[in-house]
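Heads up, the sequence shown is in the working numbering, so the first residue is 51 and it goes up one at a time.
First up is the structure itself, then whatever we jot down about it.
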Amino acid sequence: MIKKCLFPAAGYGTRFLPATKAMPKEILPILNKPLIQYGVEEAMDAGMTEMAFVTGRGKRALEDHFDISYELEHQISGSSKEEALADIRRLIDECTFSYTRQIHMKGLGHAILTGETLIGPEAFGVILADDLCVGDTKGVMAQMMDVHRKYGCSVVAIEEVPHEEVHKYGVITASPLAEDLFLISDMVEKPKPEDAPSNMAIIGRYVLTPDIFDILRETPPGLGGEIQITDALKTQAANGMVLAYRFKGQRFDCGSVKGFVEATTHFYDLMKDQI
Ligand code: G1P
Numbered sequence: 051m052i053k054k055c056l057f058p059a060a061g062y063g064t065r066f067l068p069a070t071k072a073m074p075k076e077i078l079p080i081l082n083k084p085l086i087q088y089g090v091e092e093a094m095d096a097g098m099t100e101m102a103f104v105t106g107r108g109k110r111a112l113e114d115h116f117d118i119s120y121e122l123e124h125q126i127s128g129s130s131k132e133e134a135l136a137d138i139r140r141l142i143d144e145c146t147f148s149y150t151r152q153i154h155m156k157g158l159g160h161a162i163l164t165g166e167t168l169i170g171p172e173a174f175g176v177i178l179a180d181d182l183c184v185g186d187t188k189g190v191m192a193q194m195m196d197v198h199r200k201y202g203c204s205v206v207a208i209e210e211v212p213h214e215e216v217h218k219y220g221v222i223t224a225s226p227l228a229e230d231l232f233l234i235s236d237m238v239e240k241p242k243p244e245d246a247p248s249n250m251a252i253i254g255r256y257v258l259t260p261d262i263f264d265i266l267r268e269t270p271p272g273l274g275g276e277i278q279i280t281d282a283l284k285t286q287a288a289n290g291m292v293l294a295y296r297f298k299g300q301r302f303d304c305g306s307v308k309g310f311v312e313a314t315t316h317f318y319d320l321m322k323d324q325i
C-alpha cells in the first residue's frame, strides 16, 4: 500500500506574476481553497497519508497552511466560521507533512530526486498541483493506485490533447494493453507538433517505483538543460515496464490563466449554493 505522495512545489509561477511575487503559486485559490490542498485531498482519497513537499525559497506559506493557526482558531472558536476550517483540520489530523528544499531549479526530474530524502526506498505518488484533476467516480490518484496494485510498475496519467498543444507536455509512444491502459515504448519531452509521436500527453500524476531515483541520478540534463522525469521514465520503460493510464475525469491546467479560470468556473457551478 503506497502511503507517500510527493508534491514538487519549487517553481516560481512566473505566469501568475505579480500575484506570485510574494506568494507561492500553490497557494492561489480556486474559490476558497488553495490549489495545493486539492492535490493533498486527492492523495488522501487514494489512501496516502504521508505528504512530502519539495519546496524552494519563498514557499513558507505552504508549511503554514498545513499547520494550526492558534490565533485564528481562537478568534473563530464557537462561531459558524469554524466550519470553513473543517476540511483542512481533517487533513492536518490524519496526515503527516514533511518538507525539503530544492536549492537549484534543475527541472522536474531533479525536484523528484531531491524528494528522495523524504520518500526512501518505496513506491510513491507524485502530484503536480498545477494540474487540478477531478475524477469521475474516484480521484485520479486513486485510479492510478488501482493500476499500480495490479501491475506493480510505474504508471503515468495521460490525456489526449489537441495536436497543436503537444509541445507543452511529455508525449508517449505506446501500445494498448487493456481498457484505458497502454504499454509505453518511448516518450519525449515537449516535442514540436511535427515531431510528436502521438497526442497522448503525460499530465501531472505519476506513481513511481523507487528505482527511479537511481535512474534520475544517471539521467543527463535534457530539454532546456533540465533533468527531465520523462527521460528517466523512458529509461525505466526500456529496463522493464512503464504504463500509461488514460484517467477517467477532467483536468484543468491551472498553470495557465485560462485553465485556472475554467477550474474556478467549474467549482463555482458545483458549489455556488454552499459558499
Ligand atoms: C511537466 C513534465 C511534462 C508533463 C507536465 C504535466 O512539465 O515535464 O512531461 O507533461 O509536467 O503537467 P511542466 O508543466 O512542469 O513544464
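C-beta atoms are modelled at their ideal positions from N, C-alpha and C, and glycine is treated no differently.
- Here R151 really is in contact with G106; their C-beta atoms are around 6 Å apart, less than 8 Å.
- The beta carbon of G305 lies closer than 6 Å to those of D180 in the same chain, with the five residues before and after it left out.
- Taking D95 as reference, the option from A173, G220, D230 and M195 with the minimal CA-CA separation is M195.
- When only Cα atoms are considered, L56 and F317 end up about 25 Å apart.
- Buried is the label assigned to M191, since at least 16 other Cβ atoms lie within 10 Å of its Cβ.
- Within the same chain, and ignoring the five residues on either side of T70 in sequence, the residues whose Cβ sits closer than 6 Å to its Cβ are G63.
- Listed in chain order, the alpha helix (DSSP H) runs fully inside the stretch 257-286 are 261-268, counting runs of at least 4 residues.
- Spanning the alpha carbons of A288 and T223 requires a straight line of approximately 12 Å.
- In the same chain as E92, and ignoring 5 residues on each side of it, the C-beta atoms closer than 7 Å to its own belong to I177, C183, G189, V190 and M191, in chain order.
- Segment contact: the stretch 192-212 against the stretch 291-303, three or more CB-CB distances shorter than 8 Å; contact assigned.
- With contacts defined as CB atoms closer than 8 Å, E239 and Q278 qualify as a contacting pair.
- Following the DSSP letters along the chain, one finds Q193 inside the alpha helix (DSSP H) bounded by residues V190 to Y201.
- Here DSSP, grouped into helix, strand and coil, assigns K83 to strand.
- Between H198 and A228, the gap from beta carbon to beta carbon reaches 8 Å or more.
- Of the heavy atoms belonging to the ligand G1P, none sits nearer than 7 Å to the Cβ of D236.
- Burial state of M155 is exposed, judged by a 10 Å Cβ sphere holding fewer than 16 other Cβ atoms.
- Between the alpha carbons of E76 and P84 lies a distance of about 6 Å.
- Here M73 carries a coil assignment [DSSP, helix/strand/coil].
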